[in-house]
Amino acid sequence: MTAPGLVEVRDLVLCAGGRTVLDGVRLDVAAGEAVGIVGASGSGKTTTALAVLGHLRDGITHVAGTVHVAGAPVLPGRPPRGVGYLGQDPGASLNPYRTVRAVLTAAGGVRRDRAGVDALLGRVGLPAGLARRYPHQLSGGQQQRVALAIALARDPGLLVLDEPTTGLDVLARADVHRELASLRAAGVALLWIGHDAETLAANVDRLVTVADGRVVASGPPEPARFTLTSEAAPAEVVLAASGIVGGYGATRVLHGVDLHVGAGERVAVLGASGTGKTTLARVLAGLHPAAADTVTVDGATLHPDVRRRTRPQRAALQYVAQSPSEALHPRQPVRTALHRPLRLLRNLRGAAADAEAAALLEVVGLSADTAGLLPAELSGGQRQRVSLARALAARPRVLVCDEVTSALDPGTRDAVLGLLGRLCAQDGLGVVLVTHDVEVAATADRVVVLAEGHVVADGPVPDVLGGDLLPGGVPSHLVELLRPDVADPTVRGTVNVVPSRRAAVTAPTVVSDDSPPTG
Amino acid sequence: MRWPGTRVASGVLAVLLVVIVVGPLVAPYDPAAPVGLPYEPPTPQALLGTDALGRDLLSRILDGGLPMLGTALAGAVAGSALGTVAGLLAAWWDGRSGRSRWVEGAVLRPLDTLAIVPPMLLVLLILTAFTGHAGLVLAVALTGVPLSARVLRAAAAPVVTRAHVEAAVARGEGPAWIVGRELLPLVAGPLVADLGIRFVAAIYVVTAAGFLGVGPSGTDWGTLIVEALPGVELAPLLLAVPVVLVALLAVSVTVLADDAVRRSRAVLA
Amino acid sequence: MIRLVAGRLATGAALLVLLSLLVFVGVDLLPGDAANARLGASATPARLAETRQRLGLDRPVLVRYADWAGGLLRGDLGTSVSGTPVSAILGGRVANSALLAGLTTILLVPISLVVGMWAGLRPGSRRDRGVAVASLLFVAAPEFVTAGLLVLVFAIGLGVLPAVSLIPPGAGPLDRPAALVLPVLALLLLHASYAVRMIRATIAATVRAPHVEFARLNGEPPRDVVRHAVLPAVLPVALQVWLLTAAALVGGTVLVERVFGYPGIGEVLVTAVRTGDLPVAQALVMVLGAGVVVALLAADVGVRLSTPTLRTAEQPAPVAFR
Amino acid sequence: MSRALSRRQLLRYAGVGAGLAAAVTACGSPASAPTVVGSGGGGAAESLDPFISGTPSDYARNWTVFDELFAISDGNPLPRLAVGVDQGDGAFTVRLRDGVTWHDGSPFVADDVAYTLRYLASPERPVPHELTGFLDTAQVQVRDPRTITIPTLQPVGDPAMLFAGAGMRVIKDGATFAPGGTAVGTGPYRLGAFEPGRQARLTRYDAHWDGAPFADEIVVISLDDPSARVNAVRTGEADYAADVPFTVARTGAGGDDLEVRSAGDTQRTSLGFVMNTTIRPFDDPRARRAVRMLVDRQALVDRVLLGYGVTGNDLFGHGARYFDDTVKAPATDVAGAKALLEQAGAVGAPLVVRSAEYEAGMNGSTELFVEQLKAAGLDARAEIVGVQEYFAPDALAATHLLTFPLGPFPLDVTYARSAAFPTLALNDAELKTAVATAFSTPDEAARAAAWKTAQAVMADRGNWIVWGLADTLAISRRNVAGIEVRDSAKYPYLGKAGLA
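First to last, the sequence lines map onto chains A, B, C and D.
Position 58 (the first sequence) corresponds to 58 in UniProt numbering; numbering is contiguous.
Position 183 (the second sequence) corresponds to 183 in UniProt numbering; numbering is contiguous.
Position 186 (the third sequence) corresponds to 186 in UniProt numbering; numbering is contiguous.
Position 289 (the fourth sequence) corresponds to 289 in UniProt numbering; numbering is contiguous.
Printed below as a string of structure tokens:
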């Protein structure tokens, strides 16, 4: 390294409770350069990024090495000026108790007037009218852009981005990518921690890969492309749902949705947050009472309440939930999770159940010893595989998968999707793949696009997901589908406010007669 | 956050429990029989001196742990158990149906009538009706039920919607499995913590009832505190020993209850 | 907001009605009655019967309840079995107890906030642990023991404050502020410790919250972070803690009042229940219950007003079912 | 009263509940605290009506504002508003004192006494007055302003003692005692500011017939908690507190200008147990005697009373006229007692001792008594209950022994009270005859003989175990003088009190 970089990390060693988190990391970012960091969960990429900001989270200690930003050391505890930070969860990052204007007025320790606030909002492509709102009154994309505005408050020469689009749906992701691209064009250096190399490829000049606290690779990114395949082979219909109407209380989120899945077919249900995807999946599974629905599996009509379905019906349609951390009982070993459905739905017990459980684990790519482990001893991907195995234990005809890959890192995600593909091909299993991720949807045979509780597109993957890619890898055709009322997807200021689920969770929880209603 | 207090509290509680359980067996004298004159200072025969009626304080302390523990624990367990049933019912029906909250109306609202009566008034009313330890147990239980129910409902509400619980429902598990194997293990942390809080409240109720002159007589530590008050200038140990023991018991249980909450959050995270 | 308040008030009123019925019947079922207690050793079965008839205790309990409830609606709290109108017995005493509870609450607010912040902003530090241990100890010790020790030190030992609250007739405790010091202090040590524990824990958690970290990482000065990000997050919890403490102080001053001979409701409450003076006990239940209902209502409204997600919601917050 | 008492004084007296605290200070310095008397229980229900008086503060206040016809002084009737009484046939005539005026200046006349009698017999009263059992209040005849004739319902041998024992105060013709009102009496002090359960300020009534009182003002303060009463005196907020715990005597008064005072031998309270003779085993006199032979009275006195008292002789009434202090309690004889129990077939019979703490030490004495019975091999158990349900008839009937304290009341009162409840009474023909004679005979010697007989019966086969006579202690500033005992040292007469 000859030219003095904006960021110079040299042989950084950080420990947490005796464990080495970073093991001699070396990293450079030149002025105006965009550098991406990728790696699996726990590889130390977030810790590296925070170290650049002079911030060590609780329990992390500085052992050796230096971090210089603009020539000044930032460790220990001397945060650099002129660096902005953007995290992955805008709903949690924004101060829920202050309006956008109040936050921006004082952001970065500098007071600015009304015009200054409006200018800052303008830089991230938001209208000034948004300033009087609270964070929870903004959509996810707007929240993240407000957070970006705060990061820009000190006019930083460098932005540290920690998976800034992970939690966002396709639309919001497109918006944030666009703003970041324009900042990069304006000469702001980026240190971008990414989910996967493909997404980052178009956004960075250089890609650094970390594993186990070390930098293992560094070089220019390879441009990404996902392959759109279509094997639309007509098959017998195993799942047919029609006229699904449902919601919560007086709020309707599904307005007459129709869906059919053939044997061996993978159907992706794609939509932005709050479009009723999850509700649809839960109505199919009989876990959510619908106002009107007809669900048939192999021609037999299912009762809307899973508890009133017959045993074969329950077995025929299985549901796999989103969060791997909640999918399994934290105090029950994998064996119990598999044995119960075997016993209740297939009447297998004892040695027969053990053998079948081992077989199921093998199907999902886990070793038989996994049976004795508790969920806490498994990784997120392994848990999701166990969750799949539990569903498969029932020998279902249809598998309804609700965002089963959203919490997984890319490698694991691809493995799980591959597994689902194999199951379809081998066993003629019909799969409903509910997702907000275009890349996930692209692996399906057919895509159903859901917007505002209506089906707005239903067809083979290339037809629906084809076309130009916007920043962030979102097909422009899809954006038009999802935003039918806005001809130009780059128009600022989305009108439809999606209440953020996280906002409700941050409400105070002192237990009393009058704890805030949670339902 | 690692809180070293947890280990200290466990140690203190363990020692106290040993003293409480073994105490009645090793008490040097009959705790009810006088061994000397009242308010005698400590002697080799009576290591902590004698009480207001000339009984051996050490023997009374050793003898009095078990009734106090028994009363407080019985009241706390009864209150927590009732609260758990009500809280789980409310969380299950109201949390899963997504429509009405009728169970809350039918179960939790009536409990609120108990919650709006100042606890001391409730204790007075109950102790007048049911004297003795049974009354104290009931008083502790009733003062605790409304809060326990709310704590447990709050703890169970996020659990009933967890995917593994729904999976259990979907595959047709019976109520015993769902409550016993799916729900209870996951609300155990808050349940234990609530039990700890109820227990500490119970200790308080026992002493306060004695102070107001409505508690049962006996040797339990709460009664010892109250009996010591008039003679505190003559024999400070009479007050100091039970107060310190009760405070240690309450503090160690509180610390452990806090820890139980922290750990249960970790399990669910 | 108006609908919320109205709804809660209606619920509170319904609870009070249910409560009054429960207590009326409950007290009636107790062994012994006012006639027993009044006659004491001079009771004979004949005199007991006569006294019961005179006091109206021989009528069915529901008839007596209806009588009483009717009177209550006309603003008549009834007559004590001693022949004195209940309102005359309770009048000034309720105000005095309210004064004690109110003063304690008012002092508790800044104390618990300052101490809670002082400790909670540095979680795990030595001062944090010191505060945690001290507050635990004061929460664990019965307040009448604390009060007794305060009397020994400040009244008998140092002689700087009165040991008993002697308030002349016609005067209020405010005319003798010195008499209020020790009772309020005894209550504060208990209740402020509880509030400090809650507020400290909330602050310690908020300091680690993502939005606080985000503000720090983007260069917001520490003072601004505390003022803009930490305090607003603590406020709803603190408000609840304060108002719940106020609710607990309604009727929670009894033990301390007794130690100091403070002219509040404490002594009336104990005597009324123990002597089976049903009208006085009933009136106290209604007055105290109403106080608690109001405090809880205020807590609910306070939390809503101080939490933007709740304040801006037209309806209850959106459901988080998945 | 040979001490010279200052004329300009403020006497402070505080009381609530079971005890009484009084304090006296000079009112020259306005900063000085008021006089205090303590009492306990039901403070807010305190009443100006002297016939409702229930707490020591009530007594201390009303006894100073009102005068009685006869008072008790050292066990004998002392003429107050009455100067004498003449026995008649089925009636007696009371001669009233001349020159007495009410606080409002009007003269005291016989009509006032007649009104008082009608008032206390009124069916409106929550509790019937005990005099209504003896006097035909409807037929009272006012002879002239100084003379009144009162018919009796049953023979009354010593009307002066009857009035004195009942503690009947005289109220003014037409008086009512509405809350918030005031009270007009003939007593040495008139009522000033008053707040039930807190304080009453009493100002000197210079025109009192017994000579002007000494203190300018007496403040009666109600304090429930015994420690609070003591603290009030120790910290100078009160001058005198009556009925303080024995521990105070042990620790000392706590200041050079303070002292602990004992009310003296005749003012001791008799503490004991009463055996229920309506059920086994105490329907058998041998079982009663056996238990009396088991009790270690000195051990109880040493522990429950901390030695502030003496052992009793198993008879209530110590300090009263006609009390027979020559009677000795049965000597402790465990072997003899066991033999008696065997004869009575009472070995192994369960004994329940019922107690409530309506007098300090009741529960403690019960616990120790039960221990003594157990040590002698009896199956005894304490049943400690709240004050309210203590006298519930069903429970009393099922219990074998119960605690019972009695102050130094006249024997009439003592024997009437102990016979009021079937469970407390001793159903003995000789006793009944003797007591009836003592009540009704106007002849002094016959009365004395009758009381002697009655007490002999109780000593021989009675159901009382009076184990101790407890001192009544007060804590006081040394310069407080003139506090006299009339009815009870627990609520002394403050009419002559002052600061020396």
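Where is the CB? At the ideal position from N, CA and C, for every residue including glycine.
Note the first and the last residue of the continuous alpha helix (DSSP H) segment covering residue i.
i	result
R74 (chain C)	Careful: R74 (chain C) lies outside any alpha helix (DSSP H) and carries neither H nor E.
Q142 (chain A)	140-151
L303 (chain C)	Position check: residue 303 (chain C) holds Val in this sequence, whereas Leu was assumed. Here the alpha helix (DSSP H) through V303 (chain C) covers 278-306.
G130 (chain C)	126-140
P132 (chain B)	Pro is not the amino acid found at residue 132 (chain B); the sequence shown has Gly there. Per DSSP, G132 (chain B) belongs to the alpha helix (DSSP H) from 132-160.
Q382 (chain A)	380-392
N231 (chain D)	226-234
R250 (chain D)	246-251
A114 (chain D)	110-121
What does residue i reach in chain A if we use C-beta pairs closer than 9 Å?
i	result
residue 279 (chain B)	With chain B covering 1 to 269 only, the question about residue 279 (chain B) has no answer from this structure.
Going along chain C in order, which residues have a C-beta closer than 8 Å to the C-beta of residue i?
i	result
L212 (chain B)	V254, L255, R258, V270
Y319 (chain A)	Neighbours of Y319 (chain A) on chain C: none; closest Cβ ~12 Å, over 8 Å.
Which chain A residues sit within Cβ distance under 7 Å of residue i?
i	result
R162 (chain B)	E326
Which residues does DSSP list as the beta-bridge partners of residue i?
i	result
N203 (chain A)	According to DSSP, N203 (chain A) bridges with nothing at all.
G84 (chain D)	D:R95
T147 (chain D)	D:R95, D:D144
Against residue i, what residues of chain B qualify as contacts under a CB-to-CB distance less than 7 Å, listed in chain order?
i	result
H303 (chain A)	Simply none; closest approach about 12 Å.
Y85 (chain A)	Here the premise fails: no neighbours, minimum Cβ distance about 24 Å.
F144 (chain C)	F211
Give the interface partners of residue i over in chain B, defined as CB-CB distance under 8 Å, in chain order.
i	result
R323 (chain A)	Inspection of the sequence shows that residue 323 (chain A) is occupied by Ser rather than by Arg. The answer, in chain order, is A163.
A281 (chain A)	None at all; the shortest Cβ gap to chain B is about 11 Å.
Identify the continuous beta strand (DSSP E) that holds residue i and give its terminal residues.
i	result
S47 (chain D)	Careful: S47 (chain D) lies outside any beta strand (DSSP E) and carries neither H nor E.
D293 (chain A)	292-297
Y493 (chain D)	Segment: none, Y493 (chain D) is in no beta strand (DSSP E) and carries neither H nor E.
M275 (chain D)	269-275
R261 (chain D)	258-262
Can you pull the chain C neighbours of residue i, defined as C-beta to C-beta under 7 Å?
i	result
H68 (chain A)	Chain C residues near H68 (chain A): none, gap ~18 Å exceeds 7 Å.
D112 (chain B)	L15
Which residues in chain D sit within 7 Å of residue i, going by Cβ to Cβ distance?
i	result
P85 (chain C)	P179
Exercise for review: Using a Cβ-Cβ cut-off of less than 8 Å, list which residues of the segment 142-158 of chain A approach chain C; keep chain order.
Suggested key: So the list reads A147, I150, A151, A153, R154, given in the order they occur along the chain.
Check your understanding: If contact means a Cβ-Cβ distance below 8 Å, which residues of the segment 190-208 of chain B contact chain C?
Key -> Residues of the segment 190-208 of chain B with a C-beta atom less than 8 Å from some C-beta of chain C are V200, Y204, T207, A208, listed in chain order.
Review point. If you pair each beta-carbon of the segment 351-368 of chain A with each one of the segment 294-303 of chain A, do three or more pairs fall below 8 Å?
Key: Fewer than three beta-carbon pairs drawn from the segment 351-368 of chain A and the segment 294-303 of chain A are found closer than 8 Å, and the two stretches are therefore not classed as touching.
Check your understanding: Mind listing which residues of the segment 285-314 of chain D have their C-beta closer than 9 Å to chain B's C-betas, in chain order?
Key -> Taking 9 Å as the upper bound on Cβ-Cβ separation, chain B lies near residues A299, D302, R303, V304, L306, G307 of the segment 285-314 of chain D.
Exercise for review: Evaluate contact between the segment 356-372 of chain D and the segment 491-498 of chain D, counting only Cβ atoms and requiring at least three cross-stretch pairs below 8 Å.
Suggested key: Because the criterion of three Cβ pairs below 8 Å is not met, the segment 356-372 of chain D and the segment 491-498 of chain D do not touch.
Review point. Is it true that the segment 57-74 of chain B meets the segment 17-24 of chain B, where meeting means three or more beta-carbon pairs spaced less than 8 Å apart?
Key: Verdict: yes, contact present.
**Study point:** Short-range partners of chain D found in the segment 147-170 of chain C, where Cβ spacing is below 8 Å
**Key:** For the segment 147-170 of chain C, which is checked against every Cβ of chain D, the residues closer than 8 Å are G148, V151, A155, I156, G159, P162, A163, V164, L166, I167, P168, P169, G170.
Review point. Taking three-plus beta-carbon pairs below 8 Å as touching, is the segment 38-45 of chain A in contact with the segment 210-217 of chain A?
Key: The segment 38-45 of chain A, when compared against the segment 210-217 of chain A, does touch it at the 8 Å Cβ threshold.
Review point. When you check each C-beta in the segment 224-252 of chain C against every C-beta of chain A, which residues fall closer than 7 Å?
Key: If the cut-off is 7 Å between Cβ atoms, the segment 224-252 of chain C has D224, H228, A229, P232, A233, P236, V237, Q240, V241, L244 near chain A.
**Study point:** Contacting positions in the segment 206-227 of chain D - beta carbon closer than 8 Å to chain B
**Key:** Hits within the stretch, in order: P226, S227.
Review point. For the 8 Å Cβ check, are there 3 or more pairs between the segment 47-66 of chain C and the segment 135-146 of chain B?
Key: The segment 47-66 of chain C vs the segment 135-146 of chain B: no contact.
Practice item. May I ask you to verify whether the segment 109-119 of chain C touches the segment 231-249 of chain C, counting CB pairs closer than 8 Å and requiring at least 3? Key: Yes: at least three Cβ pairs fall under 8 Å.
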